[in-house]
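Student: In this note's numbering, the protein residues as written are 7 to 191. We put the CB at the ideal spot given by N, CA and C, even for glycine. Before I ask anything, let me first share the structure, which is written out below as C-alpha coordinates.
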Amino acid sequence: MSLYTVSYLGQDQWLAYEDTQAARIYAYVPNLARFVLHRQLGQDFYWDNELDWTPVDATTGHGIIEAGQLGKLDGRRHRDLLDELTAEPDHKTLAEVFGAQPVPVRTPSPQEFAAAKVHALASAAPGQWLTYKVYDRDKRRTATVAARDLRTGKIAAVRKSGLHIDSRVTPTADGRLAVEIARTA
7 MSLYTVSYLG
17 QDQWLAYEDT
27 QAARIYAYVP
37 NLARFVLHRQ
47 LGQDFYWDNE
57 LDWTPVDATT
67 GHGIIEAGQL
77 GKLDGRRHRD
87 LLDELTAEPD
97 HKTLAEVFGA
107 QPVPVRTPSP
117 QEFAAAKVHA
127 LASAAPGQWL
137 TYKVYDRDKR
147 RTATVAARDL
157 RTGKIAAVRK
167 SGLHIDSRVT
177 PTADGRLAVE
187 IARTA
(Lines of atoms letter the chains of each structure in order from A and count residues from 1; the text may use other names and numbers.)
(Lines give C-alpha, C1' and ligand atoms only; values in the text may rest on other atoms or scores of the structure.)
Protein backbone atom coordinates (compact mmCIF):
# COMPACT_ATOMS: atom_id res chain seq x y z
CA MET A 1 0.00 0.00 0.00
CA SER A 2 1.31 3.45 -0.94
CA LEU A 3 -0.48 6.55 0.30
CA TYR A 4 0.35 10.13 -0.64
CA THR A 5 -0.91 13.60 0.03
CA VAL A 6 -1.08 15.42 -3.27
CA SER A 7 -0.42 19.15 -3.08
CA TYR A 8 -0.53 22.03 -5.50
CA LEU A 9 1.20 25.30 -4.56
CA GLY A 10 1.62 24.03 -0.99
CA GLN A 11 -2.07 23.24 -0.51
CA ASP A 12 -3.07 19.60 0.08
CA GLN A 13 -5.65 18.69 -2.54
CA TRP A 14 -6.01 14.90 -2.38
CA LEU A 15 -5.19 11.81 -0.38
CA ALA A 16 -4.09 9.32 -3.02
CA TYR A 17 -3.65 5.55 -2.93
CA GLU A 18 -1.37 3.83 -5.42
CA ASP A 19 -2.40 0.32 -6.35
CA THR A 20 1.11 -0.88 -7.13
CA GLN A 21 -0.13 -4.17 -8.62
CA ALA A 22 -2.36 -2.49 -11.22
CA ALA A 23 -0.37 0.78 -11.52
CA ARG A 24 -3.43 2.88 -10.78
CA ILE A 25 -4.01 5.94 -8.62
CA TYR A 26 -7.14 6.29 -6.50
CA ALA A 27 -8.08 9.54 -4.77
CA TYR A 28 -10.13 9.83 -1.61
CA VAL A 29 -13.30 11.79 -2.38
CA PRO A 30 -14.87 13.10 0.86
CA ASN A 31 -18.25 13.62 -0.85
CA LEU A 32 -18.38 9.88 -1.58
CA ALA A 33 -16.40 8.62 1.46
CA ARG A 34 -14.35 6.28 -0.73
CA PHE A 35 -11.29 6.13 -2.95
CA VAL A 36 -12.07 6.48 -6.67
CA LEU A 37 -9.87 5.81 -9.70
CA HIS A 38 -8.54 9.24 -10.69
CA ARG A 39 -7.04 9.13 -14.17
CA GLN A 40 -5.72 12.72 -14.14
CA LEU A 41 -3.80 12.11 -10.91
CA GLY A 42 -2.49 8.86 -12.36
CA GLN A 43 -1.24 10.78 -15.40
CA ASP A 44 0.57 13.22 -13.13
CA PHE A 45 2.00 10.53 -10.85
CA TYR A 46 3.38 8.30 -13.59
CA TRP A 47 4.32 10.88 -16.27
CA ASP A 48 3.82 14.63 -15.72
CA ASN A 49 5.04 15.12 -12.13
CA GLU A 50 3.61 18.63 -11.86
CA LEU A 51 2.01 18.09 -8.44
CA ASP A 52 3.80 17.47 -5.15
CA TRP A 53 3.43 13.87 -3.92
CA THR A 54 4.31 13.30 -0.25
CA PRO A 55 4.26 9.72 1.09
CA VAL A 56 2.22 9.21 4.28
CA ASP A 57 1.60 6.16 6.46
CA ALA A 58 -1.77 4.54 7.18
CA THR A 59 -2.17 6.29 10.54
CA THR A 60 -1.61 9.69 8.97
CA GLY A 61 -3.99 8.80 6.13
CA HIS A 62 -6.71 7.82 8.62
CA GLY A 63 -6.09 11.06 10.50
CA ILE A 64 -6.47 13.16 7.36
CA ILE A 65 -9.79 11.48 6.57
CA GLU A 66 -11.16 11.58 10.13
CA ALA A 67 -10.22 15.24 10.59
CA GLY A 68 -11.85 16.19 7.29
CA GLN A 69 -8.67 18.03 6.30
CA LEU A 70 -9.31 17.81 2.59
CA GLY A 71 -12.85 19.14 2.52
CA LYS A 72 -15.57 18.18 0.09
CA LEU A 73 -15.61 19.05 -3.59
CA ASP A 74 -17.81 22.06 -4.29
CA GLY A 75 -20.69 20.71 -6.37
CA ARG A 76 -21.17 24.05 -8.13
CA ARG A 77 -17.56 24.79 -9.09
CA HIS A 78 -16.48 21.21 -9.74
CA ARG A 79 -19.73 19.59 -10.89
CA ASP A 80 -18.14 17.89 -13.92
CA LEU A 81 -15.31 16.35 -11.90
CA LEU A 82 -17.66 15.28 -9.11
CA ASP A 83 -20.05 13.69 -11.63
CA GLU A 84 -17.14 11.89 -13.29
CA LEU A 85 -15.82 10.55 -9.97
CA THR A 86 -19.29 9.55 -8.80
CA ALA A 87 -19.91 7.59 -12.01
CA GLU A 88 -16.49 5.88 -11.91
CA PRO A 89 -17.13 2.15 -11.35
CA ASP A 90 -13.55 1.46 -10.22
CA HIS A 91 -13.48 2.52 -6.59
CA LYS A 92 -12.25 1.20 -3.26
CA THR A 93 -13.69 1.40 0.23
CA LEU A 94 -11.64 2.61 3.16
CA ALA A 95 -11.42 -0.98 4.38
CA GLU A 96 -10.02 -2.12 1.03
CA VAL A 97 -7.38 0.59 1.00
CA PHE A 98 -6.35 0.41 4.63
CA GLY A 99 -6.92 -3.33 4.83
CA ALA A 100 -7.10 -5.07 8.14
CA GLN A 101 -4.27 -2.95 9.53
CA PRO A 102 -5.40 -1.70 12.88
CA VAL A 103 -4.98 1.99 13.48
CA PRO A 104 -3.27 2.48 16.82
CA VAL A 105 -5.67 3.49 19.54
CA ARG A 106 -4.95 7.08 20.41
CA THR A 107 -5.56 8.30 23.91
CA PRO A 108 -7.28 11.69 23.85
CA SER A 109 -5.31 14.58 25.30
CA PRO A 110 -6.65 16.15 28.51
CA GLN A 111 -7.90 19.08 26.43
CA GLU A 112 -9.76 16.78 24.02
CA PHE A 113 -11.20 14.84 26.96
CA ALA A 114 -12.47 18.04 28.61
CA ALA A 115 -13.87 19.40 25.34
CA ALA A 116 -15.80 16.15 24.72
CA LYS A 117 -17.27 16.23 28.23
CA VAL A 118 -18.29 19.89 27.86
CA HIS A 119 -19.90 19.10 24.50
CA ALA A 120 -21.91 16.29 26.13
CA LEU A 121 -22.88 18.64 28.96
CA ALA A 122 -24.05 21.31 26.51
CA SER A 123 -26.35 18.72 24.92
CA ALA A 124 -27.79 17.61 28.27
CA ALA A 125 -30.74 19.21 30.00
CA PRO A 126 -30.01 21.70 32.80
CA GLY A 127 -29.78 19.92 36.13
CA GLN A 128 -28.90 16.55 34.58
CA TRP A 129 -25.75 15.21 36.24
CA LEU A 130 -23.06 13.66 34.06
CA THR A 131 -19.95 11.84 35.24
CA TYR A 132 -16.88 13.88 34.36
CA LYS A 133 -14.24 11.55 35.78
CA VAL A 134 -13.96 8.68 38.29
CA TYR A 135 -11.14 8.51 40.83
CA ASP A 136 -9.93 5.69 43.09
CA ARG A 137 -11.20 5.86 46.67
CA ASP A 138 -7.83 7.07 47.99
CA LYS A 139 -7.93 10.13 45.68
CA ARG A 140 -10.64 12.10 47.51
CA ARG A 141 -8.51 15.27 47.62
CA THR A 142 -7.79 15.09 43.88
CA ALA A 143 -11.48 14.55 43.12
CA THR A 144 -12.47 17.50 45.33
CA VAL A 145 -9.94 19.78 43.64
CA ALA A 146 -11.14 18.66 40.20
CA ALA A 147 -14.76 19.42 41.15
CA ARG A 148 -13.77 22.86 42.43
CA ASP A 149 -11.70 23.62 39.31
CA LEU A 150 -14.65 22.69 37.10
CA ARG A 151 -17.06 24.84 39.12
CA THR A 152 -14.74 27.89 39.21
CA GLY A 153 -13.80 27.75 35.51
CA LYS A 154 -10.17 26.76 35.92
CA ILE A 155 -10.68 24.08 33.28
CA ALA A 156 -10.23 25.93 29.97
CA ALA A 157 -12.84 23.93 28.04
CA VAL A 158 -15.49 24.82 30.63
CA ARG A 159 -14.44 28.47 30.79
CA LYS A 160 -14.43 28.84 26.98
CA SER A 161 -17.82 27.15 26.61
CA GLY A 162 -19.61 29.88 28.54
CA LEU A 163 -21.68 27.26 30.37
CA HIS A 164 -22.56 27.80 34.01
CA ILE A 165 -22.03 24.53 35.79
CA ASP A 166 -22.23 22.93 39.19
CA SER A 167 -20.05 20.04 40.25
CA ARG A 168 -19.99 17.50 43.04
CA VAL A 169 -18.13 14.42 44.23
CA THR A 170 -20.26 11.31 44.81
CA PRO A 171 -19.33 7.74 45.76
CA THR A 172 -19.88 5.01 43.17
CA ALA A 173 -21.27 1.55 43.92
CA ASP A 174 -17.75 0.09 43.97
CA GLY A 175 -16.42 2.70 46.42
CA ARG A 176 -14.64 4.96 43.96
CA LEU A 177 -15.34 8.70 43.69
CA ALA A 178 -17.14 10.24 40.73
CA VAL A 179 -16.81 13.92 39.87
CA GLU A 180 -20.15 14.89 38.35
CA ILE A 181 -21.12 18.05 36.51
CA ALA A 182 -24.46 19.61 35.56
CA ARG A 183 -25.53 22.77 33.75
CA THR A 184 -27.20 25.26 36.04
CA ALA A 185 -28.88 27.32 33.33
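#1: Should the region 30–45 be called in touch with the region 89–97, which here means at least 3 C-beta pairs below 8 Å?
#2: Return the chain-ordered list of same chain residues with a C-beta closer than 8 Å to the C-beta of valine 196, the five sequence neighbours on each side being excluded.
#3: So for isoleucine 187, helix, strand or coil by DSSP?
#4: Look at the Cβ atom of serine 167, then the Cβ atom of valine 124, and state whether they are nearer than 7 Å.
#5: What does DSSP give as the partner residues of alanine 33 in its beta bridges?
#6: May I have a chain-ordered list of the beta strand (DSSP E) segments no shorter than 3 residues that lie completely inside the region 127–162?
#7: Under 7 Å between the Cβ atoms of alanine 120 and alanine 163?
#8: From what residue to what residue does the beta strand (DSSP E) around leucine 9 run?
#9: By the 10 Å Cβ neighbour count, where 16 or more other Cβ atoms means buried, how is proline 108 classified, buried or exposed?
#10: Please determine, among Lys78, Glu102, Val103, Ala101, the residue with the shortest C-alpha to C-alpha distance to leucine 91.
#11: In whole angstroms, what separates the C-alpha of tyrosine 14 from that of glutamine 117?
#12: With which residues is glutamine 17 paired in a DSSP beta bridge?
#13: What residues match up with aspartate 180 in a beta bridge as DSSP calls it?
#14: Would a C-beta distance cut-off of 7 Å place aspartate 142 and arginine 182 closer than the cut-off?
#15: In the DSSP assignment, the beta strand (DSSP E) including threonine 60 goes from what residue to what residue?
#16: How many angstroms separate the CA atom of phenylalanine 104 from the CA atom of alanine 73?
Tutor: This is what the structure holds:
#1: yes
#2: What is shown of the chain runs 7 to 191, which leaves residue 196 out entirely.
#3: It is a strand residue.
#4: Closer than 7 Å, so yes.
#5: Ala22, Val42
#6: 136–141
#7: yes
#8: 8–14
#9: Per-residue confidence for proline 108 stands at a pLDDT of 49, beneath the threshold of 50, marking its modelled position as unreliable; the derived number appears in the next sentence. Proline 108 comes out exposed.
#10: When each option's Cα is compared against that of leucine 91, the closest is Lys78.
#11: Rounded to the nearest angstrom, the two C-alpha atoms are 33 Å apart.
#12: Tyr14
#13: Partner(s): none; aspartate 180 has no beta bridge.
#14: yes
#15: 58–62
#16: 16 Å
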